[in-house]
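Asks:
Residue numbers (this note's numbering): 15 to 213.
1. Measure from the alpha carbon of residue 54 to the alpha carbon of each residue in 63, 46, 48 and 47, then state which is nearest.
2. Return the first residue and the last residue of the alpha helix (DSSP H) that residue 93 is part of.
3. How would you call residue 47, buried or exposed, if buried means at least 16 neighbouring beta carbons within 10 angstroms?
4. Have a look at 114, 139 and 124 and flag the residue whose alpha-carbon is nearest the alpha-carbon of residue 108.
5. Sort 18, 38, 20 and 81 by Cα distance to residue 27 and report the nearest one.
6. Write down the C-beta distance between residue 149 and residue 127 rounded to the nearest angstrom, noting that I regard them as a contact closer than 8 Å.
7. Within the chosen definition, does the region 72–92 reach the region 129–136 through at least 3 CB pairs nearer than 8 Å?
8. Output needed for residue 79: all residues of its chain with C-beta closer than 7 Å, excluding positions within five of it in sequence on either side, in chain order.
9. How about residue 136 and residue 25: are their beta carbons less than 8 Å apart?
10. Please report the residue range of the alpha helix (DSSP H) in which residue 100 lies.
11. Excluding the 5 residues flanking residue 57 on each side, which residues of the same chain have their C-beta closer than 7 Å to its C-beta?
12. Sort out for me which residues DSSP pairs residue 130 with in a bridge.
13. What do you reckon, are the CB atoms on residue 44 and residue 74 nearer than 8 Å?
14. Once the 5 residues before and after residue 21 are set aside, which same chain residues still bring their CB inside 7 Å of it?
15. Excluding five sequence neighbours on each side, which residues of the same chain lie with their C-beta closer than 6 Å to the C-beta of residue 42?
16. Among 66, 31, 100 and 65, which residue has its Cα nearest to the Cα of residue 87?
17. Just tell me which of 101, 51, 72 and 141 has its CA closest to the CA of residue 155.
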């Protein structure tokens, strides 16, 4: 691996607390800016001072193909429409993967909720994939350090090479658990044979 080599943008994971979806065809990360307040006193130089105002954060824009699983997105939006903001506000994160599919860079979002949902445009003359679009607002985000996940010295088999965190079809959040965010998906699908024996 070449040091300081820029990462490509084509592989990434999205983690939303309470949603099992991780695959999106497009993910537009927001901007972060601070408004500028100009101030000048009458006896000061003829140049206004620049004071910091409110921090402003743009929305996270997500696009994904319509599937049975993507129904969770419109249900998340329904929480907002029904006024249940306690359920709608959730932590979220976007993790960029390197060429070997290991976490490389990560951005975390606070109290995110979907402010807009766009249903796909349908056209019988085209064969494009039907795309849903979700605009997610939040109360701040920032890039955080990515944990390597290779601190398990007791595991000799995995000591030489860490396990990749690629999402699996049955559990599309990514292996190893989420960093800095509450674990959003728990294994609830216990078969009858796996149920604890009653005593």
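Even for Gly, the Cβ is constructed at its ideal location relative to N, Cα and C. This one's a predicted model, so the numbers in the text were calculated from it and none came from an experiment.
Replies: Let me spell this out:
1. 63
2. 85–95
3. exposed
4. 124
5. 38
6. With 8 Å as the limit, residue 149 and residue 127 do not qualify as a contact, their Cβ atoms being about 10 Å apart.
7. yes
8. 39, 143, 144 and 145
9. no
10. 99–102
11. none
12. 149
13. yes
14. 110, 112, 118 and 119
15. 75
16. 31
17. 72
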